[in-house]
Structure formats: C-alpha cells, structure tokens
Amino acid sequence: MAIIAPSILAADFANLGRDIEMINRSQAEWIHCDVMDGKFVPNISFGMPILSAVKKLSPKVIDVHLMIVEPERYLADFKKCGADVLTVHAEASIHLHRTLGAIRELGMKAGVALNPHTSLSSIEEVLPLIDVVCLMSVNPGFGGQKFIYSVIEKTTRLKQMILAQKTSTLIEIDGGVNMETGKLLVEAGADVLVAGNFVFASSTPETIIQQLMTL
Ligand code: DX5
Ligand code: ZN
Numbered sequence: 011m012a013i014i015a016p017s018i019l020a021a022d023f024a025n026l027g028r029d030i031e032m033i034n035r036s037q038a039e040w041i042h043c044d045v046m047d048g049k050f051v052p053n054i055s056f057g058m059p060i061l062s063a064v065k066k067l068s069p070k071v072i073d074v075h076l077m078i079v080e081p082e083r084y085l086a087d088f089k090k091c092g093a094d095v096l097t098v099h100a101e102a103s104i105h106l107h108r109t110l111g112a113i114r115e116l117g118m119k120a121g122v123a124l125n126p127h128t129s130l131s132s133i134e135e136v137l138p139l140i141d142v143v144c145l146m147s148v149n150p151g152f153g154g155q156k157f158i159y160s161v162i163e164k165t166t167r168l169k170q171m172i173l174a175q176k177t178s179t180l181i182e183i184d185g186g187v188n189m190e191t192g193k194l195l196v197e198a199g200a201d202v203l204v205a206g207n208f209v210f211a212s213s214t215p216e217t218i219i220q221q222l223m224t225l
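See below:
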C-alpha cells in the first residue's frame, strides 16, 4: 500500500485549516508542503510561517519539498517549523553529501528530489544517506501539470538501484499523479504518491486518498 502525501499547494489557502482537517480525517500519512523561492523555480509559494501553522494543525508527517537555491542555509529553520522529512533538489545542492548529513543530524529524514532531466547517477554515490528519493514527474514550480511518462521507467531503475545497494530508501513521485498514473507508479515500485490537484479538485477528497492508497 502506498503512502499518500496530499500537496497543500492545491489547497484553498483562505480555508487552509479546513483542508488540513480533511487530511487529518483521511488515511493520508504525510502532508506534502512545496516551498518555492522564485529563483530555483519560476514561482513563489510559501515558507516558514505557513509550515509552522500546518504543524500546529496536524499530527501527520510533514514532508517539506524545498524548491529553493542554497537549501543548506535554512535546514535548522525548517526543522524548527516542523519538517519531519526535508527534501532538497540535487540540482540546487552543490555539496549534497554534506547537506544530507546535516539534515539527519538535525533529526529529520533526508530527501533528495530529481528534476525530470536529472539522471539517477547523481544520487548513486549517496543513496545510503537518503531516506526518500523524490522523482519529479513534472517540471517543478506549478501544480496541475501533465505527467511525464518516462518517470515510470526511471522509477523501475531506481527501485533496482535501491535493491542492489540494500538501502531502505523510499521512492516518492511528485506531479500529475492520478488513478491511472498512480497505478503504473506503484507497479514500478513507488512507495509515496504526492497528489495535489487530483485530491483537492475532487468533491470527495478523502475517498480519492483512500483509492490512491489501495491501488
Ligand atoms: C510541483 C510540486 C508538486 C505539486 C503537485 O512543483 O512539487 O508537489 O503540488 O501537484 P499536482 O499533483 O497537481 O501535479
Ligand atoms: Zn512537491
């Protein structure tokens, strides 16, 4: 069964408390929070004050996806505002080995996200230090984009790499997840499915979460 991580980027920010309550009632185990700086990606979302509010409202695992340059500058701040999983982009972290160690030292799970064009070889040497690899199945920056199908085969290859290195790394997929793409991803070895629009555009989001979980 997959872990479902609803992405609050697609929530109604005027009713964020209500939408977090929905996630709390649902079977989702994680809440995916997209932090964007307008530099690493061409969009700005939200930062620490919103994350602190989410933490206050929910006992779920807070999964923070940093789409920011120089993420190593803010690791302790994200710990302070409640991150349980902290994911940096391989493309944004020049000293990835050091950054992963620092995230774990602060008591968080360490995640690395890869853009669609970034090869798995960029994490091969540090796989034992990674708790979650987040494969981007859209170009990061916006919700509601079209799924890039080549990530399914990339998921299969990542699963093989994890088995070969005997690590307990989880595979998370982010972008364009729905029932059809979700099924293919779970079959390929995905452990965590991020879903933004597919959950929040539905009139029955809790049912959608339940269905994604049992694909
Ligand atoms: C995109 C974000 C995603 C986004 C996914 O840059 O990282 O987490 O919220 O949204 P959907 O599920 O709508 O593609
Ligand atoms: Zn994300």
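The sequence shown: position 172 = 182 (my numbering), numbered continuously.
Even for Gly, the Cβ is constructed at its ideal location relative to N, Cα and C.
Computed from a predicted structure; not experimentally measured.
Say the cut is 8 Å; is the CB of residue i nearer than that to a heavy atom of the ligand DX5?
i      : result
Leu19  : yes
Asn207 : yes
Val74  : no
Gly153 : yes
Val161 : no
Met189 : no
Going by alpha carbons, who is nearest to residue i out of the options?
i      : options                        : result
Ile181 : Asn207, Lys156, Ala120, Ala86  : Ala120
Thr179 : Ser36, Phe210, Ala200, Glu39   : Ala200
Asp47  : Ser212, Gln221, His99          : His99
Phe157 : Asn207, Ala86, Leu173          : Asn207
Asp87  : Asp141, Pro59, Pro69           : Pro59
Ser160 : Thr214, Phe152, Leu145, Leu173 : Leu145
Val142 : Phe56, His42, His127           : His42
Val64  : Pro16, Gln37, Val51            : Pro16
Asn34  : Ile219, Thr97, Thr128          : Ile219
Go ahead and pull the three-state DSSP assignment for residue i.
i      : result
Leu180 : strand
Asp47  : strand
Met11  : coil
Ser17  : strand
Thr109 : helix
Ile228 : Limits of the chain in this structure are 11 at one end and 225 at the other, which puts residue 228 out of reach.
Asp73  : strand
Gly78  : Position check: residue 78 holds Ile in this sequence, whereas Gly was assumed. Three-state result, Ile78: coil.
Val148 : coil
Ala205 : strand
Thr217 : helix
Using a Cβ-based criterion (distance less than 8 Å to any ligand heavy atom), does residue i qualify as near the ligand ZN?
i      : result
Met77  : yes
His42  : yes
Pro52  : no
Asp184 : yes
Val204 : yes
Pro69  : no
At the 9 Å Cβ level, is residue i part of the contact set with chain B, yes or no?
i     : result
Asp94 : You won't find chain B in this structure, because it holds only one protein chain.
**OP:** Report yes or no: do the region 98-107 and the region 71-89 share at least 3 C-beta pairs separated by less than 8 Å?
**Re:** Output reads yes: the region 71-89 touches the region 98-107.
Original post:
On the three-pair Cβ rule with 8 Å, is the region 21-28 touching the region 160-170?
Top reply: In short, these stretches do not touch, since the Cβ pair count stays below three.
Original post:
Is there contact between the region 107-124 and the region 195-215, where contact requires at least three CB pairs shorter than 8 Å?
Top reply: Per the Cβ contact rule, the region 107-124 is not in contact with the region 195-215 (fewer than 3 Cβ pairs under 8 Å).
Subject >> Meets three-Cβ-pair contact criterion under 8 Å: the region 86-93 and the region 186-194 >> reply: Judged by Cβ distances under 8 Å, the region 86-93 makes no contact with the region 186-194, as fewer than three pairs qualify.
**OP:** Can you check the region 111-139 for any alpha helix (DSSP H) of at least 4 residues that lies completely inside it and give the ranges in chain order?
**Re:** Entirely contained in the region 111-139, the alpha helix (DSSP H) runs reaching 4 residues are, in chain order, 131-134.
Original post:
Should the region 170-178 be called in touch with the region 146-155, which here means at least 3 C-beta pairs below 8 Å?
Top reply: The region 170-178 vs the region 146-155: no contact.
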